[in-house]
Amino acid sequence: MDFPCLWLGLLLPLVAALDFNYHRQEGMEAFLKTVAQNYSSVTHLHSIGKSVKDCWAGAAAPSD
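First residue of the sequence shown: 9, per this note's numbering; consecutive thereafter.
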């Protein structure tokens, strides 16, 4: 089996399990805050501005 087929075989089940639905602002904000709190050693949540509501961006990096 060649390398691209191996990656496709490994990633396809993960992609199929993703939830590609519309998410409301409140739900996404709660999700991002939960992930940032539970994995604080490898994530950080940044406020990137405010229009009507806060706009958030998340960053993930490997731990040292």
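Even glycine gets a Cβ: it sits at the ideal position worked out from N, Cα and C. Keep in mind that this is a model prediction, so the values were computed, not measured.
Which two residues bound the contiguous alpha helix (DSSP H) that contains L40?
Working through the sequence shown from its first residue, we reach residue 40 at position 32. Segment 33-46, the alpha helix (DSSP H) holding L40.
A25 - DSSP class collapsed to helix/strand/coil
What you label residue 25 is simply residue 17 of the sequence shown in a count that begins at 1. In this structure, A25 counts as coil in the three-state DSSP scheme.
Please confirm whether L40 and G66 have their CB atoms less than 8 Å apart.
The residue you call residue 40 lines up with position 32 of the sequence shown. The residue you call residue 66 lines up with position 58 of the sequence shown. It is a contact, given that the beta carbons lie within the stated cut-off.
Cα-Cα separation, S51 to C13
To locate residue 51, count along the sequence shown from 1; it is residue 43. To locate residue 13, count along the sequence shown from 1; it is residue 5. The displayed chain sequence assigns Thr, not Ser, to residue 51. The straight-line gap from Cα to Cα measures roughly 31 Å.
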